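Chains as they are written, first to last, in the numbering used here: chain D, 1 to 198; chain A, 1001 to 1198. By construction, the Cβ of each residue, glycine as well, lies at the ideal position given by its N, Cα and C atoms. Note that the coordinates shown come from a computational prediction; the quantities given were computed from them, not determined experimentally.
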DNA sequence: CAGAGTGTTGCACTGAGTGCAAGCATTAGC
DNA sequence: GCTAATGCTTGCACTCAGTGCAACACTCTG
C-alpha cells in the first residue's frame, strides 16, 4: 500500500501528462468527426506533438481508445485468483469481471467509446483480439476451478468458459449502449449468461 | 433446384478461374513464407495479374484466406431455419454448424489455414468480425427458438447464445489444430459446450 | 461492323506504421 | 558543478494496404 508521496521523476510525470493529453485530444476528435475519419496526423497536430511521437506513446490509433487492456486483464486475473476457492468458474468470473465496472469509469465517456466500437470495425477487431489474450491469461485459474489438470493444452473447456463469459460481457455492454446507458450492465450480463446456460 | 447445365458465360468462367488461381497462388505463398511476410504485390505477380486487379477480386489480403464467410453464414442460417421447430436453440445451432464440416473441406488445407490464424492477428481479427455479422444473421431464428418477441433489440439473450456457440466453434477448431488434426472437431465442440453449460 | 458493357491496368494518392540517426533535455556519477 | 550515459522528440525516408480515376482492351449484341 504505497500512497506514493514519491515524486515519480520529471520524465515520468511529463510522459504521463503527454499521454493524457493525447488521449483527451484524440477522444475529443473521435467524438467530433468519428474514429475512422480522424487521422493520426490530426491527433498529433492537435496535441502539439509530432506524428512520430504519437507512435511512441501508442502502438496504433486504436490503442488510444482501447486503453491499456493488457493491464486491465492482469487486474481481472488477480481478482479472479483472489476469489474463494469454493466458487465455481462462472461465479468467480462474474465477480472478477465486475471489478471492471469501477467507480473511476465515467458513464458518459464509456457510452461514447461504446458508440465508437459500433462504427469502427478495426476497433472492434482489436478489442476482440485483446479478449483472446485474456483467454490465455485466465485459463490456468479456470482450469483449476474446473478440476482440469494444468498443461492439458488441447482441452477446450477452460477456454470455452472464458470465451463465453467474455462474449456475454461484450454483448451486455453493447445492449447497455443500445439502451442509452439506462439498463443495468450487471443485469444484462446475468441475463445473457442465463440464456447461454439455460 | 437448378443443376446448372447452363454454361455460365465466358466472363463468369474466366472470373472464377482467375479467382481460383489467385487463391491457390496466395495460399501457396502464405504456406511458404507466412501470411504477414507475403505482400499483395507478390501474390499478384505470381498469379500473373496486376496489383490493382487483385483488389478487384478480393477486398483485402485477409479475404483470400477467409473465403466467402458471408455466403457461408447464409448457408448456416438456412440450415438453422430448416431445423425442426421442436429443437432447442443449442440443438439447432449444433446441427447447423455441423454443415460447415462438409465433404468439400480438405483437412490438410484446413489445417494449414488454421495454422495461419495462429500467427496472423489481422486474420483472426477479420474472422472474429465476420462472426459478429453471423450473430446478427442468426439472431431472428434464435430469438424465435428462445421464445423472445422479435425486434427486442436490447435483449442480449439470443446474441449471447449465438456468440457462445461460435466461441465454442472457434475454440474447437483451435484445439483440433493443436491436436494436429487427430481429434474429432465435433467431440471438441461438444466438450466445449458442455463445459460452458455445466 | 458499330457500340454498349465489362474487365484490366497504370497512376497517383491517402493513411498507418517502422527504422534510423541527429539533436536536445534529463539524470546520474564523480 | 561538470561530464557522461540515457532517453525523448523529431524529421526523413520507406513499406505496405487500400481506393478513385481514367484509358484501354475484350466480348457480346444488334
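Legend entry - Span of the alpha helix (DSSP H), counted from its first residue to its last, around residue 1115 of chain A: As a first step, residue 1115 of chain A is located in the second chain; it is residue number 115 there, counting from the start. Counting along the chain, the alpha helix (DSSP H) containing residue 1115 of chain A begins and ends at 1107-1118.
Inset, instruction - Within its chain, find whatever has a CB closer than 7 Å to the CB of residue 47 of chain D; leave out the 5 residues flanking it on each side and keep chain order. - result: Position 47 of the first chain holds residue 47 of chain D. Here the set comprises 21, 22 and 25.
Inset, instruction - Inspect the CB distances between the region 135-146 of chain D and the region 1129-1140 of chain A and report whether three or more fall short of 8 Å. - result: Touching, no.
Legend entry - residue 1162 of chain A, enclosing alpha helix (DSSP H) - first and last residue: One-based indexing of the second chain puts residue 1162 of chain A at position 162. DSSP places residue 1162 of chain A in the uninterrupted alpha helix (DSSP H) bounded by 1157-1178.
Legend entry - Member of D:36, D:187 and D:59 whose CA lies at the smallest distance from the CA of residue 116 of chain D: Taking the first chain and counting its residues from 1, one reaches residue 116 of chain D at position 116. It is D:36.
Inset, instruction - Could you work out which residues of chain A lie near residue 76 of chain D, taking near to mean beta carbons separated by less than 9 Å? - result: Position 76 of the first chain, counting from 1, holds the residue named residue 76 of chain D. For residue 76 of chain D, there are no C-beta contacts with chain A under 9 Å, since the nearest C-beta of that chain is about 18 Å from it.
Legend entry - Near-chain D residues of the region 1107-1123 of chain A - C-beta to any C-beta below 7 Å: Listed by position, the residues of the region 1107-1123 of chain A near chain D (Cβ gap below 7 Å) are 1121.
Inset, instruction - Using beta-carbon positions only, say whether residue 29 of chain D and residue 43 of chain D come within less than 8 Å of one another. - result: In the first chain, the residue the question calls residue 29 of chain D occupies position 29. In the first chain, the residue the question calls residue 43 of chain D occupies position 43. Against a cut-off of 8 Å, the Cβ pair of residue 43 of chain D and residue 29 of chain D comes out as a contact.
Legend entry - Closer than 8 Å at the beta carbon, the chain D residues around residue 1204 of chain A: Outside the displayed span of chain A (1001 to 1198) sits residue 1204 of chain A, for which this structure offers no information.
Legend entry - CA-to-CA distance, residue 1050 of chain A to residue 185 of chain D, given in whole angstroms: Working through the first chain from its first residue, we reach residue 185 of chain D at position 185. Working through the second chain from its first residue, we reach residue 1050 of chain A at position 50. Distance between the alpha carbons of residue 185 of chain D and residue 1050 of chain A is about 50 Å.
Legend entry - Proximal chain A residues relative to residue 195 of chain D, where beta-carbon distance stays under 7 Å: Taking the first residue of the first chain as 1, we reach residue 195 of chain D at position 195. When 7 Å is used as the limit between beta carbons, residue 195 of chain D is near these residues of chain A: 1146, 1157, 1160 and 1161, in chain order.
Legend entry - Whole-Å CB distance - residue 1181 of chain A paired with residue 1111 of chain A, under 8 Å assumed: Position 181 of the second chain holds residue 1181 of chain A. Position 111 of the second chain holds residue 1111 of chain A. About 5 Å separates the Cβ atoms of residue 1181 of chain A and residue 1111 of chain A, confirming a contact at the 8 Å cut-off.
Inset, instruction - Identify which residue in A:1053, A:1039, A:1086 and A:1072 has its Cα closest to the Cα of residue 1015 of chain A. - result: Walking along the second chain from the start, residue 1015 of chain A turns up at place 15. The shortest Cα separation from residue 1015 of chain A among A:1053, A:1039, A:1086 and A:1072 belongs to A:1053.
Legend entry - Local Cβ density within 10 Å of residue 1010 of chain A, reported as buried at 16 or more and exposed below that: Locating residue 1010 of chain A in the second chain gives position 10, where the first residue counts as 1. Looking at its Cβ environment, which holds fewer than 16 other Cβ atoms inside 10 Å, residue 1010 of chain A is exposed.
Legend entry - Range covered by the alpha helix (DSSP H) that runs through residue 142 of chain D: Position 142 of the first chain, counted from the start, is the residue given in the question as residue 142 of chain D. First-last of the alpha helix (DSSP H) with residue 142 of chain D: 121-146.
Legend entry - Contact check, residue 1164 of chain A vs residue 196 of chain D, beta carbons under 8 Å: Position 164 of the second chain, counting from 1, holds the residue named residue 1164 of chain A. Position 196 of the first chain, counting from 1, holds the residue named residue 196 of chain D. The answer is yes: Cβ separation under 8 Å.
Inset, instruction - Given a cut-off of 8 Å, decide if residue 1124 of chain A and residue 192 of chain D are closer than it, judged by their beta-carbon atoms. - result: If you number the first chain from 1, residue 192 of chain D lands on position 192. If you number the second chain from 1, residue 1124 of chain A lands on position 124. No Cβ-Cβ contact shorter than 8 Å links residue 192 of chain D with residue 1124 of chain A.
Legend entry - Presumed contact (8 Å Cβ cut-off) between residue 1096 of chain A and residue 1083 of chain A, rounded CB distance: Your numbering for residue 1096 of chain A matches position 96 in the second chain. Your numbering for residue 1083 of chain A matches position 83 in the second chain. Indeed they touch by this definition, with Cβ atoms about 6 Å apart.
Legend entry - Proximity test, Cβ basis, 8 Å: residue 1049 of chain A and chain D: The sequence position of residue 1049 of chain A within the second chain is 49, counting from 1. Not one beta carbon of chain D lies nearer than 8 Å to the beta carbon of residue 1049 of chain A.
Inset, instruction - Output the distance between the C-alpha atoms of residue 1019 of chain A and residue 1068 of chain A, rounded to the nearest integer angstrom. - result: On the second chain, residue 1019 of chain A is found 19 positions in, with the first residue counted as 1. On the second chain, residue 1068 of chain A is found 68 positions in, with the first residue counted as 1. Taking the straight line from one Cα to the other gives about 12 Å.
Legend entry - Spatial neighbours of residue 1120 of chain A in its chain, beta-carbon cut-off 6 Å, leaving aside the 5 residues before and after: As a first step, residue 1120 of chain A must be located in the second chain, where it is residue number 120. In chain order, 1035 and 1036 place their CB closer than 6 Å to the CB of residue 1120 of chain A, counting only its own chain and leaving out the 5 sequence neighbours on each side.
Inset, instruction - Output, in chain order, the set of chain A residues within a Cβ distance shorter than 8 Å of residue 171 of chain D. - result: In the first chain, the residue the question calls residue 171 of chain D occupies position 171. Within chain A, the residues near residue 171 of chain D are 1156, 1159, 1160 and 1163.
Legend entry - Per-residue contacts from residue 129 of chain D into chain A (C-beta, under 7 Å): In the first chain, the residue the question calls residue 129 of chain D occupies position 129. Residues of chain A passing the Cβ test: 1121, 1124 and 1125.
Inset, instruction - My understanding is that residue 79 of chain D touches residue 99 of chain D, with C-beta atoms under 8 Å, so please give their C-beta distance in whole angstroms. - result: For the purposes of this step, residue 79 of chain D is taken as residue 79 along the first chain, with counting starting at 1. For the purposes of this step, residue 99 of chain D is taken as residue 99 along the first chain, with counting starting at 1. At roughly 5 Å, the Cβ-Cβ gap stays under 8 Å, so residue 79 of chain D and residue 99 of chain D are in contact.
Inset, instruction - List the endpoints of the continuous alpha helix (DSSP H) containing residue 1104 of chain A. - result: Along the second chain, read from residue 1 onward, the residue named residue 1104 of chain A stands at position 104. That residue, residue 1104 of chain A, is in no alpha helix (DSSP H); it is neither H nor E in DSSP.
Inset, instruction - Provide the residue span of the alpha helix (DSSP H) that contains residue 84 of chain D, from first to last. - result: Along the first chain, one-based indexing puts residue 84 of chain D at 84. Bounds of any alpha helix (DSSP H) do not take in residue 84 of chain D, whose DSSP letter is neither H nor E.
Legend entry - Every unbroken alpha helix (DSSP H) within the region 10-67 of chain D, with a cutoff of 4 residues, ordered by chain: Residue ranges of uninterrupted alpha helix (DSSP H) with 4 or more members, entirely inside the region 10-67 of chain D and ordered along the chain, are 10-33, 40-47, 51-57 and 61-66.
Legend entry - C-alpha distance - residue 170 of chain D paired with residue 1188 of chain A, whole-angstrom precision: The count along the first chain starts at 1 and reaches residue 170 of chain D at position 170. The count along the second chain starts at 1 and reaches residue 1188 of chain A at position 188. Between residue 170 of chain D and residue 1188 of chain A, the C-alpha separation is close to 24 Å.
Legend entry - Cutoff 8 Å: residue 149 of chain D Cβ touching any chain A Cβ: The residue you call residue 149 of chain D lines up with position 149 of the first chain. Residue-level contact by beta carbon fails for residue 149 of chain D and chain A, as no gap is shorter than 8 Å.
Inset, instruction - Can you tell me which of the three DSSP states residue 1185 of chain A falls into? - result: Locating residue 1185 of chain A in the second chain gives position 185, where the first residue counts as 1. Correct three-state label for residue 1185 of chain A: helix.
Legend entry - Proximity test, Cβ basis, 8 Å: residue 132 of chain D and chain A: In the first chain, counting from the first residue as 1, residue 132 of chain D sits at position 132. Yes, residue 132 of chain D counts as interfacial toward chain A.
Legend entry - Within 8 Å, strictly: CB atoms of residue 212 of chain D and residue 89 of chain D: Only positions 1 to 198 of chain D appear in this structure, which leaves residue 212 of chain D out of reach.
Legend entry - Which of helix, strand or coil DSSP assigns to residue 206 of chain D: This structure leaves residue 206 of chain D out entirely; chain D is present only between 1 and 198.
Inset, instruction - Mind listing the chain A neighbours of residue 188 of chain D? Cutoff is C-beta to C-beta under 7 Å, in chain order. - result: Counting from one through the first chain, the residue named residue 188 of chain D turns up at place 188. Residues of chain A whose Cβ lies closer than 7 Å to the Cβ of residue 188 of chain D are, in chain order, 1156.
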